[in-house]
Amino acid sequence: MAKTRTFSFSNSLLQTLLVFFVITPIITAIPDCSDSSNALSPLSTQSSSPWTSPSKDFAFGFQFVQFKDPRYVPLLSIYFTKSPNKPIVWYAKPNQEIPVGSSINITNNSLVIYNPKGSEIWSRPEKKDKMVTCASMKDNGNFVLKDKDGNIVWESFEEPSDTLLPGQNFSKSQPFNLQARQSETNFSTSNNFNLSWQDDGNLVLYYSQNHQEHEQAQNYAYWATGTDGRGSRLFFDEFGRIYVTDDNNTKLFQVTNGIPGSTQYFYMARIESDGVFRLYDYYQKTKTVKNEEDNCSSGWKELEQEPDDICVLNIAQNENFICGPNSYCVSMNGKPQCMCPHNYSYFVQPNDPNNLTSCRPDFPPPSCLVDGWETDPAKVDFQEWQNLNWPFSDYELVSGDFDKYTCRERCRGDCFCAAAVYNVDKDNVAHCWKKKYPLSNGRSSRTAENGTIVFLKFRKAGYENQHRSYLTLILSFLLGSSVFLNILLVLGILGIYMFLRKRKMLGQQLVASLAPETVRSYTYKELEKATRGFKQRLGQGAFGTVYKGVLELGSNTKRYVAIKKLDKVVEEGENEFKTEFVENDEEAKNDIRRVEKHVMAAIWCVQDDPSLRPSMKKVAQMLEDVIAVPLPPRPSMFCSSSATSLSSVSF
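Rendered as C-alpha cells:
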C-alpha cells in the first residue's frame, strides 16, 4: 500500500497576506450536499482538516507524497482513514506540480485548485457549463459536485486514477484508462502499465512503450477479458466482485470473486507498479498498530490478482518490461522478482526511467577478436539451468535430431552466442536457439518453460586477458616492493640501534681501561675473601650489615672498602636497594626509553594493515624525537580472539 506523509508548512506574514488578498475574492464557505445546514471550509496545502465522509472512513484533501523525485509535494487526493498507512484511492492529475501554498475551492461552476498567486492549475468538471452549488464526500469514497437541483455535475468515480472502489460501474460509453504509479510511494505517471476499459466492452491490461497512443499500445495487451464486441457494462459490487456483462445483464467474464455474502469488508482494486491488477480487502472492525516495516499491519490483505504470473507473459517483444537486460523474472508469492544468473551481478542502468533491475557479466564481454577468450574453446565454460529462457534474444534456430550437448557445442564455437536454449517438442524434434547479448525478457517458470534447458556461456576462472595480466603484474610488483621496503626499514632501524649500542659499550670499555677503579661486579666468594669471611663488622643498616674489607687491585695495590651484606629474609629491602641503585643511573633510563621508541617505531612499520604504516618522513621524525611515537596496536599473531580492538592512529 502507498505510504504518505503529512507535513506542516509555515509562511512569512508577507506571503500569507499576499495569498489572502489574491485568493479572498473566490474563497467562500462551500455548502455540503448531504446537509444544507453544514458547510465545508476551503482547503489549502497547509490545512490539517480535510473534508471527510459522514462515517469518517474517507477524506478529501491534500496529502504530501513523492512525485518524480525524492521531494514530497502536495497531492489532491481521496484516502482511506481507518488504516494506519491511509492508502490513497483517488488523486488529481494536474499538468503541473502543485506548489506549497496552493488552495482548493468551488467557484460558480467548478472545483478549482489555485496556486499561491491565484492562478488556476486544475479544475473539474472541464466543461464549465453548469452551476456548482455544493460538494460532498460520500461514505463509499466518491466525491461529488451537484447543481442547485441536486444533479451530479462531476464525481471522482467517473475519473479513476489507479484504483477502483465498490460502486464504480461503467458502461462501454464510459471508457477509462488507469495508469500505475512508478512505485508504491512514488506517484509519478511515468510507469508504462495500464488497465483500460475500452469502448468495445473489453477490459485489458497492456504495456505502453514510450507513452505511445493507447489505441496502438492496446495491441500489446498481456491480459484481457476477451469480451470485445460483446461486453456492455463493468461492475464492482459491494462483495468485491468485478465482472463484465452484456446488454442483457448476463455475466460474460468475472475478474474477481471477492467474498460473496459478506458486507463486513472494504474493498479496493488497483493496477500496481509491477503491472499486476490486485484486489484487496479490509475488515471493518480491524484495529491495528502502525508499523511501517510490516505491511500486514495496515489491515489490507491481498485476495486475488490478474495475471497469476506476469513473468511468463509475452508483454512486449524486443523490450525489457519487468526486469532489465541479462536478468530473469521469477514469481515469488505472486510478486515478480528480478534475479541474476550465475557469474552475473546486479546493477541499475543510469538512464533507465523505470529503474529496471539489470545484470552484467562478471567477465569481459565477447569481442570476437582473434585473441578473445570466447574464440578459445579451452577458456569457455557453461552453466546449465532448467526451466529458464530469454524468449526474444535468439538470432539463430537449429532443429533436428541431436542431444543437448550438441546444442551446447554449437554455442561454444560461435563467438556471438551468449547462451543456448535446448528443447524437444511433442513431435520429438530437438530445437537449439542461440541467444545474443544483451539477454532480454528472461523468465523462470516450471509451467511456461517446462523441459527447457539453458546453457549460459561464461569464461573459465583462472584465465585473464592480457590487460588484466599486466595490471596484476604491476600490482604484484608494487605490493612486493612495499613489503621489501618495509623490511629494509625495520632492518635499518635495528642496525642503527645496534650501532649506537656498540658505540656506547666501546666507550664504557675505554673508560674502564683508563680508570681501574671503575665499579664492577664481584662474586660472593671474592667479597667473602676481601672481608675474611665477614669478620670485621662496621655497623648495621636498615636492610643489612656493613663489613670492612680489602680489595687487591694489583700486585702492590690495595684498597679498603665497605661491603654491605643484605639479610636473606628481608626481600623488600633487596628490591628497594636495587631500585635505589638503578634510579641513580640516568644514562640507563635514557637507554631504556630509546630502545622502547625504536621498537615501537619498528612495530608501526610492520603493521598488517598498510594504511596504518607511517611514511618514511614520519619514521625519521619519530627517531629524531620531532614527534612522539604513539603506542602501536598489538601484532595480529599475538592478539587473542577476545581482545578488544584498539582505536587506529592515522599517519
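Residue numbers (mature numbering (1 follows the signal peptide of the UniProt record, and there is no 0)): -29 to -1, 1 to 622.
Cβ coordinates follow ideal geometry from the N, Cα and C atoms, glycine included.
Every value quoted in this text rests on a predicted model; they were computed, and no experiment measured them.
- The region 566 to 574 and the region 464 to 471 touch, with three or more beta-carbon pairs separated by less than 8 Å.
- Straight-line spacing of the CA atoms in GLY463 and LYS560 works out to 23 Å.
- Non-local C-beta neighbours of VAL247 in its own chain, meaning closer than 6 Å and more than five positions away in sequence, comprise GLN276 and ILE281, ordered along the chain.
- Taken atom to atom, the span from the alpha-carbon of ALA391 to that of PRO96 is near 57 Å.
- When C-beta atoms of the region 205 to 212 are compared with those of the region 137 to 151, three or more pairs fall below 8 Å, so the two segments count as touching.
- Listed in chain order, the non-local C-beta contacts of ARG331 below 7 Å within the same chain comprise ASN297, TYR315, SER316 and PHE318, local neighbours out to five positions each way being set aside.
- No Cβ-Cβ contact shorter than 8 Å links ILE77 with LEU47.
- Beta-carbon to beta-carbon, PHE29 and PHE158 are separated by about 18 Å, too far to satisfy the 8 Å threshold.
- For LYS500, the enclosing alpha helix (DSSP H) covers residues 495 to 501.
- Every unbroken stretch of the beta strand (DSSP E) spanning 3 or more residues and falling wholly within the region 124 to 158 is given here in chain order: 147 to 150.
- Annotated three-state conformation of MET571 is helix, per DSSP.
- Secondary structure of PRO307 (DSSP, three-state): strand.
- In this structure ILE424 touches GLN357 by the C-beta definition: roughly 6 Å separates them, less than 8 Å.
- ILE458 counts as exposed, since fewer than 16 other C-beta atoms from the protein chains shown sit within 10 angstroms of its C-beta.
- Taking one beta carbon from each stretch, the region 397 to 407 and the region 373 to 387 have 3 or more pairs nearer than 8 Å; the two touch.
- In this structure, the alpha-carbon of PRO601 lies about 27 Å from that of LYS473.
- Within the DSSP bridge table, the entry for PRO337 names no partner.
- Checking the DSSP bridge columns, you'll see TRP344 has no partner listed.
- Taking C-beta separations shorter than 6 Å and ignoring five residues to either side along the sequence, the partners of PRO603 in its chain run MET571, ILE574 and TRP575, following chain order.
- Inter-residue distance for CYS378 and ALA151 is about 42 Å (C-alpha atoms, whole angstroms).
- If you compare the alpha carbons of ARG530, TYR518, LEU460 and GLN511 with that of GLY504, the shortest gap goes to TYR518.
- Counting along the chain, the unbroken alpha helix (DSSP H) around MET587 starts and ends at 587 to 594.
- Looking only at GLN308, LEU166 and PRO25, the smallest Cα-Cα distance to GLU243 is reached by LEU166.
- Taking a 10 Å sphere around the C-beta of ASN527, we find fewer than 16 other C-beta atoms and assign the residue as exposed.
- With 16 or more other CB atoms across the displayed protein chains lying within 10 angstroms of its CB, ALA501 is buried.
- It is roughly 6 Å from the alpha-carbon of ASP352 to the alpha-carbon of LYS428.
- DSSP places GLU91 inside the beta strand (DSSP E), whose first and last residues are 91 to 95.
- Around the beta-carbon of SER90, fewer than 16 other beta-carbon atoms lie within 10 Å, marking it exposed.
- Beta-carbon to beta-carbon, ASP120 and VAL103 are separated by about 12 Å, too far to satisfy the 8 Å threshold.
- With a cutoff of 8 Å on beta-carbon distance, TYR50 and VAL36 are scored as not near each other.
- For MET102, the three-state secondary structure derived from DSSP is coil.
- In this structure, the straight-line span from the alpha carbon of THR156 to that of ASN219 is close to 41 Å.
- Annotation for ARG417: no alpha helix (DSSP H) segment contains it, and DSSP assigns it neither H nor E.
- ARG379: not part of any beta strand (DSSP E); member of the alpha helix (DSSP H) spanning 375 to 383, first to last residue.
- Considering only LEU284, VAL283 and GLY229, the residue with the shortest C-alpha distance to GLU273 is GLY229.
- Using a 10 angstroms sphere on the CB of MET593, the tally of other CB atoms reaches 16 or more, which defines it as buried.
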